[in-house]
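Notes follow once the structure below has been shown.
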Amino acid sequence: MTTTNAVPNLKVVDAFDLDDELRSLLKPGEMIRDQHGRRHRLPRYFYEVPTHEIATSIRLTPHFGLNEFILVDLKEAPRLQKFPRYVPCAIRLLAFYMEHFRSVVGSSVHIAVNGGYRSPSHKLSTDATPHMWATAADVYRIGSTILKTKETIEKYNGIAEDVSEDLEVLPYGHTTGLSVDDHVHIDLGYVVNLPREISEDRMEQPQENRHRFAFEDRRKKDRRTVVEGNEPGA
Ligand SMILES: [Zn+2]
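Residues in the sequence shown are numbered consecutively from 585, following the numbering used here.
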């Protein structure tokens with residue numbers, strides 16, 4: 585049982601259908617290089633978060649609220665600090681893994697401001713990092729332990745790596761982007777979550793003559809009901 589059923593569903597949007605300013609800030613589908621020179625394609629499908637109240641009310645997992653993953657300071661582009669806000673659909677995958685991590689460490693896990701989703705237009709976004717995919721979290725405190733020593737960072741890095749092969753961490757050190765000295769960085773890599781309802785053969789252009797592409801993200805139970813109704817035995 586989770587508490588997520590009590591909150592309104594979030595609308596999923598194709599960022600190509602957002603206005604020019606939002607498109608230029610979110611850069612859907614654009615290629616960007618990481619610090620190793622490898623190129624990655626930025627996400628295109630986002631949850632639209634209408635208001636601050638809704639952001640703070642939505643639980644992605646029993647212990648993680650949506651708002652914890654979208655806290656930013658003035659380093660984020662001004663338009664992206666205003667609601668409605670946009671967060672890549674992979675955020676739910678990150679929350680799922682963070683919930684696992686939390687259950688293993690057995691105490692509260694605190695994500696830093698700017699430590700969840702950061703847009704490609706965020707001032708900390710120079711090279712590609714999974715933060716731009718909403719698949720990374722910077723944890724600055726676990727329980728009452730502030731993570732700023734080599735010993736504590738390496739301890740929790742090891743725990744995160746043991747949770748799943750899917751999780752990567754950054755080693756202790758003082759090189760921005762390649763190592764960390766005041767938090768634990770946990771990421772899933774450049775994972776994109778494609779909602780089931782989208783068709784991937786759609787042209788990568790704004791579709792001026794079409795209705796804006798958006799749909800309500802239905803609960804799994806609702807999807808199952810539809811499938812069972814249409815295709816008995818499926
Ligand atoms: Zn990080």
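Just so you know, even glycine gets a beta-carbon here, dropped at the ideal spot from N, CA and C.
Short of 6 Å from the beta carbon of T645, and not among the five residues preceding or following it, lie these beta carbons of its own chain, in chain order: A679, E683. Cα atoms of L610 and Y740: separation of roughly 32 Å, rounded to the nearest angstrom. For R622, the closest of T713, A718, T719 by C-alpha to C-alpha distance is T713.
Of all alpha-carbon atoms in K732, S608, P779, D711, the one lying nearest the alpha-carbon of Y756 is that of K732. Pairing S641 with L708, the inter-Cα distance amounts to about 27 Å. Around the CB of L762, fewer than 16 other CB atoms lie within 10 Å, so the residue is classed as exposed.
Taken through DSSP and simplified to helix, strand or coil, P714 comes out as helix.
Of all alpha-carbon atoms in P668, V764, I638, the one lying nearest the alpha-carbon of G649 is that of I638. Less than 9 Å divides the Cβ of A599 from the Cβ of Y670. Inside the stretch 667-720, DSSP marks whole beta strand (DSSP E) runs of 3 or more residues at positions 669-672, 693-695, from first to last along the chain. Bounds of the alpha helix (DSSP H) holding F653 are 650-653.
Ranking T729, E781, L602, S748 by CA distance to the CA of L664 puts L602 first.
Apart from the 5 residues on each side of it in sequence, H769 sits with its Cβ closer than 7 Å to the Cβ of A720, D722, V753, L754 in its chain, given in chain order. Within 8 Å of the C-beta of D771 there is at least one heavy atom belonging to ligand 1.
Under the 10 Å beta carbon count, M716 is surrounded by 16 or more other beta carbons and is classified as buried. For I730 against Y701, the beta-carbon gap comes to about 23 Å, at or over 8 Å, which does not count as contact. Between the beta-carbon of I782 and that of Y629 there is about 6 Å, and that keeps the pair under the 8 Å contact cut. For R622, the secondary structure class from DSSP, reduced to helix, strand or coil, is coil.
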